[in-house]
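Q: In the working numbering, the protein residues as written are 1103 to 1217.
Just passing along the structure, written as structure tokens.
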Amino acid sequence: NQVNMNALLVLMDRSVQMVGLNGEQKLNRHEATFSYDVESVVYAEDTLLVVWRHGWQRRGKGFTEVLEEKTDKKKVYRMVRSDRTIVLETHQTKDQTGLSNLYLLEKAETYVQLP
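Spelled out as structure tokens, the structure:
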């Protein structure tokens, strides 16, 4: 995920790092390690949004401060995103082929459920 003109967001195993376009670590090294298997990451409005099977977490600038976190073993979370819009999908763990809820990321701190 390209963060800006000279930085990339890299997801490896359970770690997210910000590196230069040639793969070198940035001087103001941003890195976060998680205790769960991360499936998707996106950097928007100076916050890091991380999604794993049963939840999501939002971290502030520098990736150290946890701003928001949601974990629910009864739901499966999946990030669907495009260049300008981020969509989070959830559905019940017991019925993965059933109906889904879609949440539109309007701003980094506001999630809106679509009708």
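Just so you know, even glycine gets a beta-carbon here, dropped at the ideal spot from N, CA and C.
It should be emphasised that the depicted structure is a prediction, and the values quoted were computed from it without experimental measurement.
Which residues mark the beginning and the end of the beta strand (DSSP E) in which Lys1172 is found?
A: Element bounds for Lys1172: Val1168 to Thr1173.
Q: Can you tell me whether DSSP reads Thr1135 as helix, strand or coil?
A: It is a strand residue.
Q: Is Gln1198 helix, strand or coil by DSSP?
A: Correct three-state label for Gln1198: coil.
Q: Note down the Cα distance separating Gln1127 from Asn1108, rounded to an integer number of angstroms.
A: Between Gln1127 and Asn1108, the C-alpha separation is close to 11 Å.
Q: Let's test the definition: count the other Cβ atoms within 10 Å of the Cβ of Met1114 and tell me whether it reaches 16, buried, or not, exposed.
A: When all chains shown are included, Met1114 counts as exposed.
Q: Which of the three DSSP states, helix, strand or coil, is assigned to Asn1124?
A: Correct three-state label for Asn1124: coil.
Q: Which word fits Gln1198, buried or exposed, when buried means at least 16 other C-beta atoms lie within 10 angstroms of its C-beta?
A: Flag for Gln1198 reads exposed.
Q: Starting from Gln1141 and walking both ways along the beta strand (DSSP E), at which residues does that stretch end?
A: Contrary to the premise, residue 1141 reads as Glu rather than Gln in this sequence. Element bounds for Glu1141: Val1140 to Ala1146.
Q: Which residues in the same chain as Gly1164 place their Cβ atom closer than 7 Å to its Cβ, once the five residues preceding and following it in sequence are excluded?
A: Cβ within range, chain order: His1132.
Q: Looking at the unbroken beta strand (DSSP E) that takes in Gly1164, where does it start and where does it end?
A: Premise fails: Gly1164 is in no beta strand (DSSP E) and is neither H nor E.
Q: Do you know how far the Cα of Phe1136 is from the Cα of Gly1122?
A: Cα to Cα, Gly1122 sits roughly 22 Å from Phe1136.
Q: Excluding the 5 residues flanking Arg1155 on each side, which residues of the same chain have their C-beta closer than 8 Å to its C-beta?
A: Contacts found: Tyr1138, Asp1139, Glu1141, Val1178 and Tyr1179.
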